[in-house]
Amino acid sequence: MNITIIGSGYVGLVTGACLSDAGHKVICVDKDKSKIANLSRGQIPIYEPGLETLVKKNIKEENLSFSSNIKSSLNASKIIFIAVGTPTSLEGDNADLSQIYSCAKEISESLRDESIIIVKSTVPVGTCDRIEEIISEKNPTKKFEVISNPEFLREGSAIRDFENPDRIVVGTSSKNAIESIKEIYKRQIKKEYPIIFTSRKSSELIKYASNSMLAMRIIFINEIADLCEKVGANVEDIANGIGLDKRIGPHFLNAGPGFGGSCFPKDARALIESGEEFKAPQNLLKAVIDGNERRKLNLGDRILEVIGENKKVGILGVTFKANTDDMREAPSLSIIPKLLKKNINVSIYDPEANKENINEFYGAEWKDDAYSVAKNSDCLIILTEWNEFKELDLKKIKDIMTRPIIVDFRNIFSLKEMEDLNFEYHSVGRNTINTK
Ligand code: UDX
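Position 240, counted from 1, in the sequence shown is what numbering that gives the first Met the number 0 calls 239; the numbers after and before it change by one each time, with no gaps.
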């Protein structure tokens, strides 16, 4: 099939690369001409394992191309994905839908009869209806469908998640659209991954409810971890103990510094706004957002309690999680400014973060590897769970540190290992080792 994808960010790019790899002819469109020029040369602006290879392969096989001309791209196909961003608006907590609506207006000006507009962007319940209205106003006689098809891609494993989805969710009542969707996802359907068809509104809400449920699990286990620290219990044993209940399951119960990223905070806030708009308050989610924000703000104080002031601290990992270069809502953005304000000497290493223009880190020193960060430091802070951090030579780390203190917000090291090596070791929801 010929497919046009409007929006070449995380979601649009991964969707385009994977659908072109499945044999469709895909054009990825974006307003940003320099981004399109780079993408056409196979230069990917984001770190996503496997994406560059997949994009280059399909450019070479002429299944995938890029354009900043939306009009010509829309004329090339009747299958149009909307994959533009819906960030939290600057005025409040609701989703900013300006890109969605300008996309709908542009589609309405070049719409081909029998087109299928597939909304992959995360949009508040009822947005597909609004998109349909915008397009209908301009094209009262043309036949087209607007369907909802939210994504469930995790940064760092987006290609794996696209090719091996837990489920594909489709919101439509149109039989024609259903046939087209089955053709689009032929590779996933052939591997018998589940595809569910529901109403547009239910599909829109499934996305928000899914991310909000996951966010709730994280803040739940983090607050249990706080209690564990007070009473001397072990949060990993609790996560294991509750996770063996099949109704709960073992995933997404890793206690940590709090959730970040471009989705959980944004989607939970947007769902709270939908609750307010339709007078169905999402009170639990309000507590999730408040609890998560409070946690991230308190992390810096926890570090200061451990090391006191005017010391040298090394930070390992500043992105919102491992296997990404994404800094959005990362806990480090709350922690590092607090340490710098206390005149603490801060050095940073992150395998993928882009060192440029992170104002919050002004005054910190970037290093090229973990050992340079550990050298002569009084305390090492683990903020992301990169494998390379798990594989550090801890004897060497201890030898080069001034004080052997580790504050591990990802529980990447074992308590026994830390005890044997005689580190003073602070982690999340577990006993502290070797405090004086
Ligand atoms: C999420 C959803 O998982 C994905 O389905 C959706 O499409 C987009 O949003 P992402 O934001 O990329 O994906 O990251 P994810 O791996 O879900 O982690 C989100 C946050 O939760 C991160 O800050 C991560 O560190 C944190 N997390 C995750 C925990 O603290 N503990 C866990 O057990 C899992």
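A virtual CB, placed ideally from N, CA and C, is assigned to each residue, including glycine.
**Prompt:** Using a Cβ-Cβ cut-off of 8 Å (strictly less than) and excluding sequence neighbours within five positions of residue 414, which residues of its own chain qualify?
**Reply:** 424, 426, 429, 430, 432
**Message:** Taking a contact to mean a Cβ-Cβ separation below 8 Å, would you say residue 280 touches residue 206 in this structure?
**Reply:** no
**Counted within 10 angstroms of its Cβ, other Cβ atoms place residue 283 as buried (16 or more) or exposed** = exposed
**Request:** Spell out whether any CB of chain D is found under 8 Å from the CB atom of residue 366.
**Result:** Absent from the structure: chain D. Only one protein chain is present.
**Request:** Jot down the residue ranges of each uninterrupted beta strand (DSSP E) in the region 124-161, minimum 3 residues, whole runs only, in chain order.
**Result:** 143-147
**Request:** Could you have a look at residue 219 and say whether DSSP puts it in helix, strand or coil?
**Result:** helix
**Request:** Count the CB pairs spanning the region 258-271 and the region 186-198 that are closer than 8 Å, and state whether there are at least three.
**Result:** no
**Message:** Shorter than 7 Å, the distance from the beta carbon of residue 210 to the closest heavy atom of ligand 1, or not?
**Reply:** yes
**Message:** Quick check on this structure: which residue in 80, 109, 135, 139 has the alpha carbon closest to the alpha carbon of residue 120?
**Reply:** 80
**Message:** Restricting to Cα atoms, I'd like to know which of 273, 306, 342, 333 is closest to residue 358.
**Reply:** 333
**Asked** Are the region 366-386 and the region 301-314 touching by the rule of at least three beta carbon pairs closer than 8 Å?
**Response** yes
**Message:** Distance check for residue 6 and residue 12, CA to CA, integer angstroms please.
**Reply:** 8 Å
**Message:** Closer than 6 Å between the C-beta and any heavy atom of ligand 1: which residues qualify, listed along the chain?
**Reply:** 150, 151, 152, 153, 154, 210, 213, 217, 251, 252, 253, 255, 258, 259, 260, 262, 263, 319, 320
**Straight-line Cα distance separating residue 21 from residue 292** = 41 Å
**Asked** Below 8 Å between beta carbons: does that hold for residue 25 and residue 62?
**Response** yes
**Asked** Should residue 329 and residue 259 be called a contact, given that it needs their Cβ atoms to be closer than 8 Å?
**Response** yes
**Item:** Distance between beta carbons of residue 262 and residue 161, contact taken as under 8 Å
**Value:** That belief does not hold up - the Cβ atoms of residue 161 and residue 262 are roughly 15 Å apart, past 8 Å.
**Request:** Check whether the region 67-83 touches the region 244-259, taking contact to mean three or more Cβ pairs, one atom from each stretch, closer than 8 Å.
**Result:** no
**Request:** Report yes if the C-beta distance between residue 295 and residue 257 is below 8 Å; otherwise report no.
**Result:** yes
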